[in-house]
Amino acid sequence: MNKKMPVLFISHGSPMNVVLDNDYTKALKNLGKSLKEPKAVMVISAHWKTKGTYVTYSDKPKQIYDFYGFPDEIYNIKYTPDGGKEFAKMVVEELSEEGPKLTDEWGLDHASWGVLKYIFPKANIPVFELSLNALLTEEQHYNIGKKLSKFREMGLLIIGSGDIVHNLGTADYDIYGEAYEWAEAFDNYIVKAVKEYKHKDIINYRELGDIVKLAVPTDEHFLPLLYVIGLQQEGENVEIIHQSIQNGSISMSCIKIG
-3 MNKKMPVLFI
7 SHGSPMNVVL
17 DNDYTKALKN
27 LGKSLKEPKA
37 VMVISAHWKT
47 KGTYVTYSDK
57 PKQIYDFYGF
67 PDEIYNIKYT
77 PDGGKEFAKM
87 VVEELSEEGP
97 KLTDEWGLDH
107 ASWGVLKYIF
117 PKANIPVFEL
127 SLNALLTEEQ
137 HYNIGKKLSK
147 FREMGLLIIG
157 SGDIVHNLGT
167 ADYDIYGEAY
177 EWAEAFDNYI
187 VKAVKEYKHK
197 DIINYRELGD
207 IVKLAVPTDE
217 HFLPLLYVIG
227 LQQEGENVEI
237 IHQSIQNGSI
247 SMSCIKIG
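-3 is the number of the first residue of the sequence shown in the working numbering; add one for each residue after it.
See the structure below:
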């Protein structure tokens, strides 16, 4: 039996998804049922971009509602797992060249708890976050992912939580609004590149031209994918758990590797 944990890229999209029953949320529930139970979960979150590399370190990470203007029921959702301090320390030690720091000033933001509430609804798996260092290049983000590969063998489930396409400026208020052609095209291109192990095409996504200005106007939701492909081994099974576009310009692709 293969003891290595898979690695996941999970899109999170609008906070409304935390209270909706749709194909995307059903896919996450089914994914959770299919996974063997990890010892802990580390989320590389699009919502935690820092100057420097940080790892959350607390017994019970605080739940962060990093959005506003949504229905009250969303703010009443509680997701309070333990903090996975033992693994957090090991990750910091493994990434010593990056000079990472442990911190209890952050917790679990929407990119974490918004998806984990479906994958592990009992909140019985310890969870911590790794920040996105804004000072790094795409290649450096990718290489951090590579350095973390041994933790898959140790029972750590690593999740990159973002969105391959994330353009709020062009977003439709209707979550199920018709997708822009460029959003579908870019999402399909990147998902295909993951399946075909074409990592350079993903790392160098900025070279794709004008479509990038629409699909990735800011990079924080794309960067978690670079960690995930850094953890990908050539020849590993790639399963598309879900693929759709919400709000016209937010891709909801979810990918399981291994």
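Glycine is no exception: its CB is placed at the ideal position from the N, C-alpha and C atoms. Small disclaimer: the values here were computed from a predicted structure and weren't measured.
Cβ-based neighbour list, residue i, same chain, cut-off 7 angstroms, excluding 5 preceding and 5 following
| i | result |
| --- | --- |
| ILE140 | LEU91, GLU94, TYR223, GLY226 |
| ILE171 | SER10, MET12, GLN242, ASN243 |
| TRP265 | Outside the modelled stretch of the chain, which goes from -3 to 254, sits residue 265, for which no answer is possible. |
| LYS143 | GLU90, LEU91 |
| GLU232 | ILE253, GLY254 |
| THR76 | LYS56, GLN59, ALA119 |
Beta-ladder partner(s) of residue i, from DSSP
| i | result |
| --- | --- |
| VAL111 | Its beta-bridge partners do not exist; DSSP assigns none. |
| SER157 | ILE6, SER41 |
| THR52 | THR99 |
| THR46 | ASN129 |
| LEU104 | GLN59 |
| ILE253 | VAL3, VAL234 |
| ILE16 | Reading off the sequence shown, one finds Leu at residue 16, where the question assumed Ile. DSSP lists no partner for LEU16. |
| PHE124 | MET38 |
| HIS162 | ILE246 |
Residue i versus the options, residue with shortest Cα-Cα distance
| i | options | result |
| --- | --- | --- |
| GLU177 | LEU210, ARG202, GLY165, ILE154 | LEU210 |
| ASP105 | ASN120, ASP68, ILE246, VAL14 | VAL14 |
| ASP183 | ASN200, HIS195, TYR193, ASP159 | ASP159 |
| ILE60 | GLU232, ALA107, HIS217 | ALA107 |
| LEU131 | THR49, LEU4, VAL111 | THR49 |
| PRO57 | MET38, TYR64, GLU33, ALA42 | MET38 |
| ALA255 | PRO122, ASP68, ILE73, LYS74 | This structure does not reach residue 255, given that the chain is present from -3 up to 254, and the question cannot be answered. |
| ILE246 | TYR169, VAL161, GLU216, LYS22 | VAL161 |
| LYS22 | LYS35, LYS113, GLN229, GLU33 | LYS113 |
| THR214 | HIS195, ASN163, GLN228, ASP168 | ASN163 |
| LEU24 | SER7, PRO34, ALA36, LYS35 | SER7 |
Three-state secondary structure (DSSP) of residue i
| i | result |
| --- | --- |
| ALA181 | helix |
| HIS8 | coil |
| GLU33 | coil |
| MET(-3) | Only weak support is given to the placement of MET(-3): the predicted model assigns it a pLDDT of 43, under 50, and the value that follows is read from those uncertain coordinates. In the structure shown, MET(-3) sits in coil (DSSP, three-state: anything other than H, G, I, E or B). |
| PHE63 | coil |
| SER92 | helix |
| LYS97 | strand |
| HIS238 | strand |
| LYS188 | helix |
| VAL212 | coil |
| ILE246 | strand |
| LEU152 | strand |
| HIS195 | helix |
| HIS137 | helix |
| PHE147 | helix |
Residue i to residue j span [Cα, whole Å]
| i | j | result |
| --- | --- | --- |
| VAL88 | GLU134 | 20 angstroms |
| VAL51 | LEU98 | 5 angstroms |
| SER54 | GLU174 | 42 angstroms |
| TYR201 | TYR64 | 31 angstroms |
| ASP100 | TYR71 | 21 angstroms |
| GLN239 | MET248 | 6 angstroms |
| CYS250 | GLU82 | 28 angstroms |
| ASP78 | SER41 | 17 angstroms |
| GLU235 | ASP206 | 29 angstroms |
| MET(-3) | TYR169 | Note on MET(-3): pLDDT 43, under 50, position unreliable in the model; no value is reported. |
| TRP109 | TYR20 | 15 angstroms |
| LYS0 | MET86 | 17 angstroms |
| HIS137 | LEU219 | 7 angstroms |
6 angstroms CB neighbourhood of residue i in its chain, flanking five on each side removed
| i | result |
| --- | --- |
| PRO117 | none |
| TYR193 | GLU230 |
| ILE237 | ALA23, LEU27, CYS250, LYS252 |
Test: residue i CB closer than 8 angstroms to a CB of chain E
| i | result |
| --- | --- |
| GLY28 | This model lacks chain E altogether, as it is built from one protein chain only. |
Cβ neighbours of residue i in the same chain (closer than 8 angstroms, five flanking residues each side left out)
| i | result |
| --- | --- |
| LEU31 | PRO2, ILE115, LEU153 |
| LEU204 | PHE182, TYR185 |
| ALA189 | HIS195, ASP197, ILE198 |
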